[in-house]
Amino acid sequence: MKKLIEYEHEKLGAEAKARSKMLVIFQSIMALLFFFQWWIVPVNEPFIPDVNPLFFIGLYLLMLIIINIGLVFEQRKMDKKMVKN
Numbered sequence: 071m072k073k074l075i076e077y078e079h080e081k082l083g084a085e086a087k088a089r090s091k092m093l094v095i096f097q098s099i100m101a102l103l104f105f106f107q108w109w110i111v112p113v114n115e116p117f118i119p120d121v122n123p124l125f126f127i128g129l130y131l132l133m134l135i136i137i138n139i140g141l142v143f144e145q146r147k148m149d150k151k152m153v154k155n
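Here the sequence shown is numbered in the numbering used here, starting from 71 and rising by one per residue.
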């Protein structure tokens, strides 16, 4: 796996640093979303009557969609770099 990561950094060049920055930003956003989720859930109640479970399902699906779209764009960039060389 280490060789693959080194190869991708070699092919992407400056874009690898931008990708690392985006990863940090994305992880920060995810942490904030999870913190928000923790904040709205009451501590003493085992069941949450005020919060619709569809909210959590929608949030989960939204995160999956964002992650997958990011991976698709990342792989397209890598494939274009491979074709050029």
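All residues carry an ideal CB built from backbone N, CA and C; glycine is no exception.
Just so you know, these numbers come straight off a predicted model, no measurement behind them.
*Express the C-alpha separation of Met-133 and Glu-78 in angstroms, rounding to a whole number.*
25 Å
_CB-CB length for Leu-103 against Leu-129, believed under 8 Å_ = 7 Å
*What is the C-beta distance between Lys-147 and Glu-85, in whole angstroms, given that I count them as a contact (C-beta under 8 Å)?*
7 Å
*Going by the CB atoms, is the gap between Lys-151 and Leu-82 shorter than 8 Å?*
yes
_According to DSSP, simplified to helix, strand and coil, what is Gly-128?_
helix
*Please state if the CB of Ile-135 and the CB of Val-121 are separated by a distance shorter than 8 Å.*
no
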